Amino acid sequence: MGLSKRLEEARKAFAQRDMEASALAHEPSRIVQAAEEEHGGASHLYIGDMVYGGLDGIITTFAVVSGVAGAQLGSNIILILGLANLFADGFSMATGAYLSSKSELEYYEREWQREAWEVEHFPEGERVELYEIYRQQGYSEEDARRLVEIKSRDPQRWVQAMMIDELGLLPDERKPLFSALATLASFVVAGSVPLIVYLVGLFVSLSPSVSFPVSFGLSALALFGVGAAKVLVTERSPFRSGLEMLLVGGLAAGVAYGVGALLKGIGA
42 MGLSKRLEEA RKAFAQRDME ASALAHEPSR IVQAAEEEHG GASHLYIGDM VYGGLDGIIT
102 TFAVVSGVAG AQLGSNIILI LGLANLFADG FSMATGAYLS SKSELEYYER EWQREAWEVE
162 HFPEGERVEL YEIYRQQGYS EEDARRLVEI KSRDPQRWVQ AMMIDELGLL PDERKPLFSA
222 LATLASFVVA GSVPLIVYLV GLFVSLSPSV SFPVSFGLSA LALFGVGAAK VLVTERSPFR
282 SGLEMLLVGG LAAGVAYGVG ALLKGIGA
């Protein structure tokens with residue numbers, strides 16, 4: 042089963058206030074078994090990148106489609122600008138995800154090295170610092186001293202305690218390159234949905250009065266679906282999450298369509 046799956050079961054039981062399922066998920070024997078079966082699969086680490094990349098892809102691409110449709114510039118212009126935005130913006134987002142993840146990783150490693158150096162050269166000062174942190178967290182003097190004694194027995198555990206309790210830093214297990222690729226792939230795949238009908242229009246004659254409504258419908262379904270999938274990250278109601286993203290995407294598309302409609306004669 043693994044710890045991650047057991048955690049998902051516990052979350053689901055809590056959301057449903059199912060005492061029986063929650064008790065089952067917290068059985069000591071099942072927890073031990075889950076720990077033994079945990080293989081450290083990392084695919085779930087990139088769910089957030091994929092969900093938010095997909096949402097941005099749909100919203101920005103359909104906003105471009107709406108703006109050009111509002112300006113009544115033709116399906117070929119919609120396709121050109123839509124594809125240009127899809128790949129350019131997708132690459133930009135992937136680059137941002139890579140640099141952000143890389144910067145956070147470098148910052149964590151730099152702080153880890155500093156704490157490790159301080160633990161090695163100023164152990165007494167670090168013990169006092171950790172003790173004061175635990176006291177501020179509400180531990181009694183005896184418990185705080187005991188915690189410091191336990192944590193400081195192992196240098197790795199000691200530094201980790203300083204990183205978490207003093208700096209509030211947790212390690213990010215995501216690989217910057219994988220984070221960027223997950224963002225790019227989801228952006229391009231989900232962002233291509235509003236353009237599907239226009240790609241079909243290259244081979245089948247479709248009037249603008251048909252193409253845009255179809256694009257709108259596909260985009261709405263995709264927005265709602267990816268928004269609902271956001272609960273994998275936020276653990277909220279799928280319907281509410283999907284509806285929120287549908288409203289946000291619809292608002293962005295409405296603004297873009299309005300701007301296009303106002304400026305439709307500017308290029309004439």
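Numbering-wise (this note's numbering), the sequence shown opens with residue 42 and increments by one. We put the CB at the ideal spot given by N, CA and C, even for glycine. None of these values were measured; they are calculated from a predicted model.
Applying the 10 Å Cβ sphere with the 16-neighbour rule, what's the burial state of residue i?
{"i": "Pro235", "result": "buried"}
{"i": "Tyr148", "result": "exposed"}
{"i": "Gly299", "result": "exposed"}
{"i": "Asp97", "result": "buried"}
{"i": "Gly94", "result": "buried"}
{"i": "Thr101", "result": "buried"}
{"i": "Gly115", "result": "exposed"}
{"i": "Leu140", "result": "exposed"}
{"i": "Phe253", "result": "buried"}
{"i": "Leu218", "result": "exposed"}
{"i": "Met286", "result": "buried"}
{"i": "Val160", "result": "buried"}
{"i": "Val109", "result": "buried"}
{"i": "Gly179", "result": "exposed"}
{"i": "Ser282", "result": "buried"}
{"i": "Glu150", "result": "exposed"}
{"i": "Ala297", "result": "buried"}
{"i": "Leu156", "result": "Note that residue 156 is Glu in the sequence shown, not Leu. Burial call: buried."}
{"i": "His80", "result": "Residue confidence for His80 is low, a pLDDT of 46 falling below 50, so the modelled location carries little weight; the figure read from the coordinates is stated next. With fewer than 16 Cβ atoms within 10 Å of its Cβ, His80 is classed as exposed."}
Which residue's Cα is closest to the Cα of residue i: the options?
{"i": "Leu210", "options": "Val255, Gly179, Leu120, Val200", "result": "Val200"}
{"i": "Lys216", "options": "Val105, Lys143, Ile88, Phe132", "result": "Lys143"}
{"i": "Asn117", "options": "Ile237, Tyr180, Asp90", "result": "Ile237"}
{"i": "Pro196", "options": "Glu173, Ala223, Pro164", "result": "Pro164"}
{"i": "Tyr87", "options": "Leu259, Val189, Ala138", "result": "Ala138"}
{"i": "Leu304", "options": "Arg58, Gly111, Leu287, Gln177", "result": "Gly111"}
{"i": "Val169", "options": "Gly295, Ser193, Glu152, Trp153", "result": "Ser193"}
{"i": "Ile121", "options": "Leu292, Phe280, Leu284, Gly242", "result": "Gly242"}
{"i": "Ala294", "options": "Glu61, Arg58, Ile99, Ser107", "result": "Ser107"}
{"i": "Leu262", "options": "Ser246, Phe244, Leu284, Val245", "result": "Leu284"}
{"i": "Gln113", "options": "Lys271, Ser248, Gly266", "result": "Ser248"}
For residue i, name the three-state secondary structure that DSSP assigns.
{"i": "Ser163", "result": "According to the sequence as given, residue 163 is Phe; it is not Ser. In the structure shown, Phe163 sits in coil (DSSP, three-state: anything other than H, G, I, E or B)."}
{"i": "Lys216", "result": "coil"}
{"i": "Lys143", "result": "helix"}
{"i": "Arg194", "result": "coil"}
{"i": "Tyr180", "result": "coil"}
{"i": "Val38", "result": "The displayed coordinates of the chain run from 42 to 309. Any statement about residue 38 would go beyond what the structure contains."}
{"i": "Ser227", "result": "helix"}
{"i": "Gly291", "result": "helix"}
{"i": "Leu124", "result": "helix"}
{"i": "Tyr298", "result": "helix"}
{"i": "Ser260", "result": "helix"}
{"i": "Met60", "result": "helix"}
{"i": "Gln113", "result": "coil"}
{"i": "Leu210", "result": "coil"}
{"i": "Leu86", "result": "helix"}
{"i": "Leu304", "result": "coil"}
{"i": "Ser278", "result": "coil"}
{"i": "Ser107", "result": "helix"}
{"i": "Gly81", "result": "Residue confidence for Gly81 is low, a pLDDT of 45 falling below 50, so the modelled location carries little weight; the figure read from the coordinates is stated next. Coil, per DSSP."}
{"i": "Ser250", "result": "helix"}
{"i": "Ser133", "result": "helix"}
Just to check my reading of the structure: residue i and residue j have Cβ atoms closer than 8 Å, yes? What is that Cβ distance to the nearest angstrom?
{"i": "Gly290", "j": "Leu264", "result": "4 Å"}
{"i": "Phe128", "j": "Val229", "result": "7 Å"}
{"i": "Gly232", "j": "Gly131", "result": "7 Å"}
{"i": "Glu145", "j": "Asp213", "result": "6 Å"}
{"i": "Glu167", "j": "Met203", "result": "7 Å"}
{"i": "Tyr239", "j": "Ser256", "result": "7 Å"}
{"i": "Leu171", "j": "Val189", "result": "5 Å"}
{"i": "Ala226", "j": "Thr136", "result": "Rounded, the Cβ-Cβ distance is 14 Å, inconsistent with contact."}
{"i": "Ala223", "j": "Met91", "result": "5 Å"}
{"i": "Gly123", "j": "Val105", "result": "5 Å"}
{"i": "Ser260", "j": "Ile119", "result": "Wrong, their Cβ atoms sit about 13 Å apart, outside the cutoff."}
{"i": "Ala185", "j": "Arg198", "result": "Between Arg198 and Ala185 the Cβ distance is about 16 Å, and since that is not below 8 Å, they are no contact."}
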